[in-house]
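Here is the structure we will look at.
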Amino acid sequence: MKLKGLVLPMCAAAMLICVANADRVYGHFGMVIPSTPVVSEQNRPVEIALSFSHPFETIGMDLAKPKSFFLTRDGDHTDLLGDLQPASVMGSNGFNYRFTPSRPGVYHFVMEPQPYWEPLEDRFIIHYTKTVISVFGSEDGWQQPLGLPAEIRPLLRPFGNYQGNSFTGQVLVDGQPAAHAEVEVEYYDKEQRYQAPTGPHITQVVVANDKGIFTFTCPLSGWWGFASLSLADYTIKGPQGGDKEVEIGAVLWIYMDEYQRR
Ligand SMILES: [Cu+2]
220 MKLKGLVLPM CAAAMLICVA NADRVYGHFG MVIPSTPVVS EQNRPVEIAL SFSHPFETIG
280 MDLAKPKSFF LTRDGDHTDL LGDLQPASVM GSNGFNYRFT PSRPGVYHFV MEPQPYWEPL
340 EDRFIIHYTK TVISVFGSED GWQQPLGLPA EIRPLLRPFG NYQGNSFTGQ VLVDGQPAAH
400 AEVEVEYYDK EQRYQAPTGP HITQVVVAND KGIFTFTCPL SGWWGFASLS LADYTIKGPQ
460 GGDKEVEIGA VLWIYMDEYQ RR
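With the working numbering as the guide, the letters of the sequence shown map in order to residues 220 to 481.
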């Protein structure tokens, strides 16, 4: 499946190709990607890009202004929705937040998008998307779940990792471990270096255990996205007025560094 080089601005266009090749749809992820994974005094400000994209194929989709975008730090909640600036991300409409922290801490950024209507799946999609950033060397509080409707709680510290590390996380839905949840994994091929041998290589899949815990080894440096999808216990009126299912995504992004030579 050769997607690279094609101009496919809409998810539907990309997915028609996916659907033609498989009975499932690969690879759209809510994305909250900072320009640097760890913030020090020297590398402020950090630009945080919000999008809804196909990260391995670097195909953007238009993201409506999110329903909410906030950070939590030590339990303090700060609404950032009003600070988002429209931005082009992977050639599509996304948003940018300029993060200029002055205090150390572990900052959890969360985007809740508007429900995205996906006609090919006949349902809405809401990816609760989380990225955890360490500022000025702080390491406290990275394990804390935030009480989102669905989220991945990191059990590997989500910063200060190397390529080849195994990420372990726990899928929580309504705060409860999601037994045997399926987790999709995708590499953000930002520099467009790689191509997938087959469609299933674009988005890899691992199943959590009875405690909702899963492990996946990340062989490349860069950003890795984990998404566990479940159906909400409510419906939303579709464009034609009928009640439509809502797919809730628990999405987490983590960064793997390369070893650096001295
Ligand atoms: Cu898509």
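Just so it is clear, CB atoms sit at the ideal spot from N, CA and C, and this is done for glycine as well. Note that this is a predicted model, so its numbers are computed, not measured.
Residue i, buried or exposed, once every other Cβ within 10 Å from all chains shown has been counted against 16
i: R292; result: buried
i: S259; result: exposed
i: S307; result: exposed
i: H296; result: exposed
i: T422; result: buried
i: Y453; result: exposed
i: T319; result: exposed
i: H399; result: exposed
i: R243; result: Low local confidence applies: a pLDDT of 46 at R243 is under 50, so the model's placement there is unreliable, and no value is given.
i: A397; result: buried
Under 9 angstroms between C-beta atoms of residue i and residue j
i: Q382; j: Y316; result: no
i: W361; j: P377; result: yes
i: V390; j: G444; result: no
i: A427; j: S447; result: yes
i: M309; j: W472; result: no
i: I252; j: I267; result: yes
i: V470; j: H346; result: yes
i: S270; j: G313; result: yes
i: S287; j: V329; result: yes
i: V392; j: F435; result: no
Own chain partners of residue i with C-beta closer than 6 angstroms, once the 5 adjacent residues on each side are dropped
i: G457; result: K463
i: G468; result: H346, A446 and L448
Residue i versus residue j: straight-line alpha-carbon distance, rounded
i: S311; j: H273; result: 11 angstroms
i: E340; j: V465; result: 10 angstroms
i: G356; j: R263; result: 14 angstroms
i: P438; j: G460; result: 45 angstroms
i: Y407; j: F433; result: 20 angstroms
i: S449; j: P368; result: 10 angstroms
i: P285; j: A451; result: 19 angstroms
i: P373; j: I455; result: 30 angstroms
i: I344; j: E331; result: 11 angstroms
i: F248; j: G379; result: 23 angstroms
i: H327; j: R481; result: 31 angstroms
Reduced DSSP secondary structure (H/G/I, E/B, other) of residue i
i: E477; result: coil
i: G301; result: helix
i: Q362; result: coil
Cβ-based neighbour list, residue i, same chain, cut-off 7 angstroms, excluding 5 preceding and 5 following
i: D359; result: V325
Distance cut-off 8 angstroms: residue i Cβ against heavy atoms of ligand 3
i: M250; result: Here the bound small molecules are ligand 1; ligand 3 is not part of this structure.
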